[in-house]
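Peer 1: Numbering follows UniProt numbering, with no gaps: position 88 of the sequence shown is 88. A virtual CB, placed ideally from N, CA and C, is assigned to each residue, including glycine.
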Amino acid sequence: MIRQRAKYNIGQVVRHRRHPFRGVVFDVDPEFNNTEEWYEAIPEDSRPAKKQPFYHLLAENEQSFYVAYVSEQNLIADYSGEPVEHPDVPDLFGAFEDGSYELQFQYN
1 MIRQRAKYNI GQVVRHRRHP FRGVVFDVDP EFNNTEEWYE AIPEDSRPAK
51 KQPFYHLLAE NEQSFYVAYV SEQNLIADYS GEPVEHPDVP DLFGAFEDGS
101 YELQFQYN
């Protein structure tokens, strides 16, 4: 079995490749780990491969803040240098520096 290493790190700010939102990574699944219902809701011609890392993001767009679950193929690094304004960021992360946040605590 080949394990793919995640391209993005916890605390890193990323953007969606096609949709206008960005966020900070707070967890990573080595491959798809959501419901089939969630997966089937994605239009078939846009469904990402399941065997790749999927990222949990504290996300934001022009209108709102939310949690997003995004495949690695649909993310790009955000080099804006701007922090994410999601209200839950201070609960998980410390200082923002060089495009990434420091973790406030250690995952198991």
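(1) Where does Arg17 land, buried or exposed, given buried means 16+ other C-beta within 10 angstroms?
(2) For the stretch 31-41 and the stretch 51-71, state whether three or more C-beta atom pairs, one from each stretch, are separated by less than 8 Å.
(3) When the distance is taken between beta carbons, is Leu75 closer than 8 Å to Val67?
(4) Give the range of the beta strand (DSSP E) segment to which Asp45 is assigned.
(5) Would you mind sorting Ala59 into buried or exposed? The rule is 16 or more other CB atoms within 10 Å of its CB.
(6) Tell me the DSSP secondary structure of Glu97 in three-state form.
(7) Would you please state the rounded distance, in angstroms, between the beta carbons of Val23 and Glu102? I believe it to be under 8 Å.
(8) Among Phe26, Val70, Trp38, which residue has its Cα nearest to the Cα of Asp88?
Peer 2: Taking the structure as given:
(1) Classification for Arg17: exposed.
(2) Between the stretch 31-41 and the stretch 51-71, the count of Cβ pairs shorter than 8 Å is three or higher; the stretches touch.
(3) Judged by their CB atoms, Val67 and Leu75 are not nearer to each other than the 8 Å cut-off.
(4) First-last for Asp45: undefined, no H or E at that position.
(5) In the assembly as shown, Ala59 is a buried residue. Its beta-carbon has 16 or more other beta-carbons within 10 Å.
(6) Strand at Glu97.
(7) Note that residue 23 is Gly in the sequence shown, not Val. Contact check for Gly23 and Glu102: beta-carbon distance about 17 Å, past the 8 Å limit, so the pair fails to qualify.
(8) The residue with the shortest Cα to Cα distance from Asp88 is Phe26.
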